[in-house]
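In what follows, a single structure is set out as structure tokens and then discussed.
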Amino acid sequence: MNFEFDNNIPIYIQIVEQLKKFIISGTLVPGERLPSVRDLALQTKVNPNTMQKALAELEELKLIHTERTNGKFVTTNKKLIDKYKKEYAKELSNAYFSNMESMGFNKNETIEYLKNLGGEN
Numbered sequence: 023m024n025f026e027f028d029n030n031i032p033i034y035i036q037i038v039e040q041l042k043k044f045i046i047s048g049t050l051v052p053g054e055r056l057p058s059v060r061d062l063a064l065q066t067k068v069n070p071n072t073m074q075k076a077l078a079e080l081e082e083l084k085l086i087h088t089e090r091t092n093g094k095f096v097t098t099n100k101k102l103i104d105k106y107k108k109e110y111a112k113e114l115s116n117a118y119f120s121n122m123e124s125m126g127f128n129k130n131e132t133i134e135y136l137k138n139l140g141g142e143n
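Position one of the sequence shown corresponds to residue 23 (the numbering used here), numbered consecutively onward.
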């Protein structure tokens with residue numbers, strides 16, 4: 023897992039988003055045990071409190087859960103993972119359509135452009 027941070031957004035929010043992407047993309051597999059808070063903090067070069075805050079947020083989203091003596095695990099709820107995956111895809115699509123619209127493309131032209139992408143040089 024590789025983490026990159028933007029100085030304009032709180033780090034814990036970026037950690038939540040990146041771990042969420044790792045879960046919905048399958049980089050972190052359902053049921054997989056996460057490294058300890060301390061190990062994750064060292065790996066990402068952040069304060070353990072920051073990492074704990076991010077993991078608490080993921081736990082609120084039900085994407086991870088804690089087993090008292092065994093650590094934190096990725097959810098095995100595939101419907102929930104799919105829900106977040108679709109939400110993220112929608113966000114990306116909306117941003118793409120918005121950017122294309124700012125360049126003068128309407129929705130149909132954007133879809134046509136995507137269909138033909140790769141066919142032209």
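In this text, a Cβ means the ideal position worked out from N, Cα and C, and glycines have one as well. Quick caveat: nothing in here was measured; it's all calculated off a predicted structure.
Quick check: what's the CA-CA separation for P52 versus L102? Taking the sequence shown and counting its residues from 1, the one referred to as residue 52 is at position 30. Taking the sequence shown and counting its residues from 1, the one referred to as residue 102 is at position 80. Near 11 angstroms, if we compare the C-alpha coordinates of L102 and P52.
K137, buried or exposed, once every other Cβ within 10 Å from all chains shown has been counted against 16: Position 115 of the sequence shown, counted from the first residue, corresponds to residue 137. By the 10 Å Cβ count, K137 comes out exposed.
What does V96 pair with, by DSSP beta-bridge criteria? Here residue 96 refers to the residue found at position 74 of the sequence shown. Per DSSP, I86.
Apart from the five residues on each side of it in sequence, which residues of its chain come closer than 6 angstroms, Cβ to Cβ, to N143? Translated into positions along the sequence shown, residue 143 becomes position 121. Unreliable positioning characterises N143 in this predicted model, as indicated by a pLDDT of 49, which lies under 50. The coordinate reading is nonetheless provided below. Excluding positions up to five away in sequence, the list is empty.
Would you mind stating whether K94 and I46 have Cβ atoms separated by less than 8 angstroms? Mapped onto the sequence shown, residue 94 falls at position 72. Mapped onto the sequence shown, residue 46 falls at position 24. No.
If you draw a straight line from the C-alpha of Q65 to the C-alpha of K75, how long is it? Position 43 of the sequence shown holds residue 65. Position 53 of the sequence shown holds residue 75. Approximately 16 angstroms, taken between the alpha carbons.
Based on the DSSP output, what are the partners of R55 in its beta bridges? Here the question's residue 55 lines up with position 33 in the sequence shown. DSSP lists F95 as partners of R55.
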